[in-house]
Amino acid sequence: MTLQQIRYVVAVADTNSMNEAAKRLYISQPTLSSAIKDLETEINITIFTRTNKGVILTSEGEEFLGYARQVLNQMELLEEKYIEGKKIKKKFGVSTQHYSFAVKAFVEMVKEFDMNEYEFAIRETKTADVIMDVKNVKSEIGILYINEFNEKVINKLLKDNQLEFHDLVTCKGYVYLWKGHPLAAKEKISMEELLDYPCLSFEQGDNNSFYFAEEILSTYDYRKTIKACDRATMLNLMVGINAFTLCSGIICEELNGSDYCAIPLDIDVNMNIGYISRSYGILSDIGRRYIEELQAYIARATV
37 MTLQQIRYVV
47 AVADTNSMNE
57 AAKRLYISQP
67 TLSSAIKDLE
77 TEINITIFTR
87 TNKGVILTSE
97 GEEFLGYARQ
107 VLNQMELLEE
117 KYIEGKKIKK
127 KFGVSTQHYS
137 FAVKAFVEMV
147 KEFDMNEYEF
157 AIRETKTADV
167 IMDVKNVKSE
177 IGILYINEFN
187 EKVINKLLKD
197 NQLEFHDLVT
207 CKGYVYLWKG
217 HPLAAKEKIS
227 MEELLDYPCL
237 SFEQGDNNSF
247 YFAEEILSTY
257 DYRKTIKACD
267 RATMLNLMVG
277 INAFTLCSGI
287 ICEELNGSDY
297 CAIPLDIDVN
307 MNIGYISRSY
317 GILSDIGRRY
327 IEELQAYIAR
337 ATV
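Residues are numbered in our numbering as their position in the sequence shown, beginning at 1, plus a constant of 36.
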């Protein structure tokens, strides 16, 4: 196995195409295909499934890709440190459930670094994708929550993928709605009072299990439900049809606007929000700085 073959695998995975990867690598498509085929034969696994529409990573290939990205990341650090004149953009990525405070902390962290030297990425995505992004080194850090309902399933998935959960904050459940909602003036809201209004939740795709829901009380028997894929759509639905969602109460008016509010749920339920990282890895300096920004913002928001 060579470093060149590892670079080839990562390029194909990033483009989902042998042809596009070959162009990026400045080699012929047959040369690329042959190199990857030789690697698959050597390590006795199938990394990619070839289709008429391109290539798809196999489950074994996804695991291999995670290790491959780590090798390349370490190699890039060595080249930058020891090869004179070698200047490589450092990469840092975060994958998160749909939390505005996670984006706000990312914004504040990015302001401290020279973007000419870094390649940043933040991905608001599905719960399962947060986990897989960190496993496959697509992101260094993932942000999600666990509680008594989902912790056994999520913790087993993290352990199986050599990931660790680190606590950030434990908070009560809140109802998130727009300030013109009929219930917006209440000090607390009961589940019964919410029954006549649509409950919003984030779509989880193929992993649309109650355990992967981003919202607490995912098994509650709501009369009206709507699934959405992004925060902007959810905010529009809150205004348009008096819909609501359940959240941590840690909100960011700078990003979501001041037309919304979080009101405590009249029920004893907790959310334990934290970040995940690779068990065998060490956070980079920029990763630690992002966590510091998260902790600082949460501390201000929960005073």
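All residues carry an ideal CB built from backbone N, CA and C; glycine is no exception.
From the options, pick the residue whose C-alpha is nearest to that of residue i; which is it?
i	options	result
Gly293	Met307, Pro300, Met274	Met274
Val143	Val305, Leu291, Arg314	Leu291
Gln198	Val170, Asn183, Val189, Leu219	Val170
Asp150	Trp214, Asn109, Lys126	Lys126
Gly216	Ile277, Tyr247, Thr269, Ile177	Ile277
Tyr296	Glu229, Leu213, Glu250	Leu213
Thr132	Gly285, Gln106, Tyr181, Val189	Tyr181
Glu76	Ile167, Thr87, Phe100	Phe100
Arg332	Leu204, Asn272, Leu282, Ala221	Here residue 332 turns out to be Ala, not Arg, going by the sequence shown. Cα-wise, what sits closest to Ala332 is Leu204.
Val166	Phe185, Asn272, Asn243	Asn243
Phe185	Met168, Val130, Phe248	Phe248
Ala104	Asn172, Thr87, Arg86, Met168	Asn172
Asn88	Ile79, Asn55, Asp74	Asn55
Return yes when the Cβ of residue j is within less than 9 Å of the Cβ of residue i, no when it is not.
i	j	result
Asn152	Gly90	no
Gly310	Ile158	no
Ala264	Tyr210	no
Gly97	Phe84	yes
Cys288	Lys195	no
Met111	Ile322	no
Glu148	Arg325	yes
Gln240	Thr163	yes
Gln40	Ala71	yes
Phe280	Leu330	no
Ile252	Ile286	no
Leu341	Ala49	What the structure shows of the chain is the stretch from 37 to 339, and residue 341 is not part of that stretch, so it cannot be assessed.
Pro300	Lys174	no
I'd like the list of long-range same chain contacts for residue i, defined as Cβ closer than 6 Å, with 5 residues on each side in sequence excluded.
i	result
Cys235	Tyr258, Thr261
Thr206	Asn306, Asn308
Leu231	Arg259
Phe238	His134, Glu250
Ile81	Glu96
Ile190	Ile182
Lys192	none
Ala138	Thr132, Ile179
Ala337	Ile286
In terms of residues, what are the limits of the beta strand (DSSP E) holding residue i?
i	result
Lys171	Taken as a continuous stretch (DSSP letters only), Lys171 belongs to no beta strand (DSSP E), being part of the alpha helix (DSSP H) at 163–171.
Met307	306–314
Ser320	It is not in any beta strand (DSSP E) - Ser320 carries neither H nor E in the DSSP assignment.
Arg340	Absent from the model: residue 340. The displayed extent of the chain is 37 to 339, so no value can be given.
Gly276	Premise fails: Gly276 lies in the alpha helix (DSSP H), 267–277, not in any beta strand (DSSP E).
Ile177	177–182
Leu291	Element bounds for Leu291: not the beta strand (DSSP E) but the alpha helix (DSSP H), 289–292.
Pro300	296–300
Thr132	126–132
Lys222	Run containing Lys222: none; DSSP gives neither H nor E here.
Ala264	261–264
Counting only the same chain and skipping the five closest in sequence on each side, list residues whose C-beta sits under 8 Å from that of residue i.
i	result
Leu61	Arg43, Tyr44, Ala47, Leu68
Leu319	Glu176, Ile177, Ser313, Ile327
Glu155	Lys125, Lys126, Lys127, Phe128
Arg267	His134, Ser136, Glu160, Asn292
Near residue i, which residues of its chain fall below 7 Å by C-beta distance, leaving aside the five closest residues on each side in sequence?
i	result
Phe246	Ser254, Thr255
Ser315	Gln198, Leu199, Glu200
Asp302	Lys224, Ile225, Ser226
Glu229	Leu219
Leu108	Ile42, Arg43, Val46
Cys283	Tyr210, Tyr212, Ala298
Met270	Leu236, Ala264, Thr281
Glu78	Met37
So residue i is in the alpha helix (DSSP H); what residue range does that whole segment cover?
i	result
Asp203	Here Asp203 belongs to no alpha helix (DSSP H); instead the beta strand (DSSP E) covers 199–208.
Ser136	136–146
Ala49	39–51
Pro66	65–79
Ala57	54–61
Ile190	187–196
Leu230	227–230
So does residue i have its beta carbon nearer than 8 Å to some heavy atom of the ligand MN?
i	result
Ala335	What this structure holds is no ligand at all, so the ligand MN is not there to describe.
Does residue i get closer than 9 Å to chain D when you measure Cβ to Cβ?
i	result
Asp302	Of the protein chains in this structure there is only one, and it is not chain D.
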